[in-house]
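Per the working numbering, residue 284 is the first one in the sequence shown, and the count goes up by one each step. Backbone N, C-alpha and C define an ideal beta-carbon position, used for all residues, glycine too. Every value quoted in this text rests on a predicted model; they were computed, and no experiment measured them. A short write-up of the structure that comes next.
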Amino acid sequence: MTFDEILEQVITLLQRQGRVSYRALKRRFDLDEDYLEDVKVELIKAQHLARDEDGEILVWVGESGGVPLSASPPIQAEQQAPVQYDQPTQSVPLSAEPRIPEAERRQLTVMFIDLVESTSISAQLDPEDLREVIQAYQRVCSEVITRFDGHIAQLLGDGLVVYFGYPQAHEDDAHRAVRTGLGILDSLGIFIFCV
């Protein structure tokens, strides 16, 4: 995936969720520290679409319209007039007051996903191999969770805490959670036997 494609997906994710941790971005898009830093600089400093919160969270500050923003400006076919630097520029002062989000009450469906018998698996595998297994498991879970508009609130070793109904509520968030669980089981190739 190119930088622009990743940037566009991060913008879409931020528009939908409002905020996302850097760790989640690294995991979702398989980014290293330098690549993540480039994404942060582009969104925070170059495009002014997000801000950093405590060095851990990327918070959306751009307009949230229905039209997705392009990661890079379109190339214009016609030639623009040369810029004259001796003209005074007018700037619109930005409000120094932070925007306070409106409070609202909503239903929230919380799901906890855990890898069963991970202790016995860890006793059988080399630590590096176990880490690869856990990362693959988390990657599969993350893809399915994103497909159903879930929000990964926390990664706890081999467990995940997932919210449905935050940051965006749907009428069928409980159903989305169930479909997510079934989708994860299907993606991992696990068969459930009822007794």
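Whether residue 396 touches residue 423 by CB criterion (8 Å) = no
Apart from the five residues on each side of it in sequence, which residues of its chain come closer than 7 Å, Cβ to Cβ, to residue 436?
-> 444, 445 and 446
Please determine if the region 411 to 423 and the region 290 to 297 are in contact, where contact requires at least 3 C-beta pairs separated by less than 8 Å.
-> no
Would you check if the region 308 to 327 and the region 452 to 462 touch, i.e. whether three or more CB-CB distances between them fall below 8 Å?
-> no
Using the rule of at least 16 other Cβ atoms within 10 Å of the residue's Cβ for burial, across every protein chain shown, is residue 403 buried or exposed?
-> exposed
On a CA-only basis, which of 450, 464, 320 and 463 is nearest residue 386? Give me that one, please.
-> 450
Flag this pair as yes or no: are the beta carbons of residue 332 and residue 324 separated by less than 8 Å?
-> no
Alpha carbon of residue 326 to alpha carbon of residue 315, nearest angstrom | Those two C-alpha atoms are separated by around 17 Å.
Name the two residues that bound the continuous alpha helix (DSSP H) containing residue 449.
-> Going by DSSP, residue 449 is part of no alpha helix (DSSP H) at all; its letter is neither H nor E.
Should residue 433 go down as buried or exposed, given a rule of 16 or more other Cβ atoms within 10 Å for buried?
-> Around the C-beta of residue 433, 16 or more other C-beta atoms lie within 10 Å, and the residue is accordingly described as buried.
Using alpha carbons as the reference points, say which of 452, 431 and 464 lies closest to residue 389.
-> The option with the nearest alpha carbon to residue 389 is 452.
Under a three-way DSSP split, which group does residue 392 fall into?
-> Strand.
Alpha-carbon to alpha-carbon, residue 421 and residue 401 = 13 Å
According to DSSP, what are the bridge partners of residue 340?
-> 304 and 336
Between the Cα of residue 462 and those of 440, 429 and 442, spot the shortest distance and give me the residue it belongs to.
-> Nearest option by C-alpha distance: 429.
Report buried or exposed for residue 355, applying the criterion of at least 16 other Cβ atoms within 10 angstroms of its Cβ.
-> Only weak support is given to the placement of residue 355: the predicted model assigns it a pLDDT of 42, under 50, and the value that follows is read from those uncertain coordinates. That one is exposed.
Provide the residue(s) that pair with residue 399 in DSSP beta bridges, ordered along the chain.
-> Answer is none; residue 399 lacks a bridge partner.
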